[in-house]
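Participant: Residue numbers (the working numbering): 3 to 148.
For glycine and all other residues, C-beta sits at the position ideal for the given N, C-alpha and C.
Small disclaimer: the values here were computed from a predicted structure and weren't measured.
Sharing a structure, written as structure tokens. Questions coming.
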């Protein structure tokens, strides 16, 4: 029997090496830049501190301001994942739209059935991590990334 009949065709696709967020050294490497990026996103989107704290999974005001003042810390897997989705959303929006619309998009009512007239921000605040993942997938699909 010829085994070549069952071989996958050759491809130039190389899957990205996945980061193991359960490994503390990886979280140590990523946390500070993730938080800096998150706070820049918060400013660009003009988010209320209360909403920003909720997007991070619910932080007290004192912890939020401490992190803002000193982002040099090690985040948990959940928080790095949340920030990753949000930064991916930010990037996709800036690929799809001009800077002004990209930064306003999360706070504008959206007629897409996924949002049902709500803002993407309210959807993400209500649905947490899974809603962030959904918004990220929606935008990646729009820009042809999926």
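1) DSSP three-state call for residue 133: helix, strand or coil?
2) Whole angstroms are fine: how far does the CA of residue 111 sit from the CA of residue 95?
3) Along the chain, which unbroken stretches of the alpha helix (DSSP H) at least 4 residues long are found entirely within the region 13-97?
4) Does the beta-carbon of residue 103 have 16 or more other beta-carbons within 10 angstroms, so that it is buried, or is it exposed?
5) Are the beta-carbon atoms belonging to residue 88 and residue 57 less than 9 Å from one another?
6) How is residue 110 classed by DSSP in three states: helix, strand or coil?
7) Does residue 115 come out as helix, strand or coil in the three-state DSSP assignment?
8) Using 10 angstroms around the beta-carbon of residue 211, count the other beta-carbons present and answer buried if the total reaches 16, otherwise exposed.
9) Work out the CA separation of residue 75 and residue 38 for me, nearest whole Å.
10) Would residue 117 and residue 73 be called neighbours here (beta carbons separated by less than 9 Å)?
11) Taking a contact to mean a Cβ-Cβ separation below 9 Å, would you say residue 51 touches residue 66 in this structure?
12) For residue 23 and residue 82, which I take to be in contact (beta-carbon distance under 8 Å), what is that distance rounded to the nearest angstrom?
13) Compute the Euclidean distance between the alpha carbons of residue 33 and residue 45, then round it to the nearest angstrom.
Facilitator: To lay it out plainly:
1) On the chain shown, position 131 is the one that residue 133 refers to. In this structure, residue 133 counts as helix in the three-state DSSP scheme.
2) Stepping through the chain shown from its first residue, residue 95 is reached at position 93. Stepping through the chain shown from its first residue, residue 111 is reached at position 109. Rounded to the nearest whole angstrom, the C-alpha separation of residue 95 and residue 111 is 15 Å.
3) 26-47, 51-57 and 63-71
4) Locating residue 103 in the chain shown gives position 101, where the first residue counts as 1. Exposed, by the Cβ-count rule.
5) Your numbering for residue 88 matches position 86 in the chain shown. Your numbering for residue 57 matches position 55 in the chain shown. Contact: yes.
6) The residue you call residue 110 lines up with position 108 of the chain shown. DSSP, reduced to helix, strand and coil, places residue 110 outside both helices and strands of the structure shown, so it counts as coil.
7) For the purposes of this step, residue 115 is identified with residue 113 of the chain shown, where counting begins at 1. Three-state result, residue 115: coil.
8) The structure shown does not extend to residue 211, since the chain is modelled only from 3 through 148, so no value can be given for it.
9) Your numbering for residue 38 matches position 36 in the chain shown. Your numbering for residue 75 matches position 73 in the chain shown. The straight-line gap from Cα to Cα measures roughly 11 Å.
10) In the chain shown, counting from the first residue as 1, residue 117 sits at position 115. In the chain shown, counting from the first residue as 1, residue 73 sits at position 71. For residue 117 and residue 73, no; Cβs fall outside 9 Å.
11) On the chain shown, position 49 is the one that residue 51 refers to. On the chain shown, position 64 is the one that residue 66 refers to. Yes, the Cβ-Cβ distance between residue 51 and residue 66 is below 9 Å.
12) For the purposes of this step, residue 23 is identified with residue 21 of the chain shown, where counting begins at 1. For the purposes of this step, residue 82 is identified with residue 80 of the chain shown, where counting begins at 1. Contact between residue 23 and residue 82 is confirmed by a C-beta separation of about 6 Å, below the 8 Å threshold.
13) If you number the chain shown from 1, residue 33 lands on position 31. If you number the chain shown from 1, residue 45 lands on position 43. Whole-angstrom Cα-Cα distance: 19 Å.
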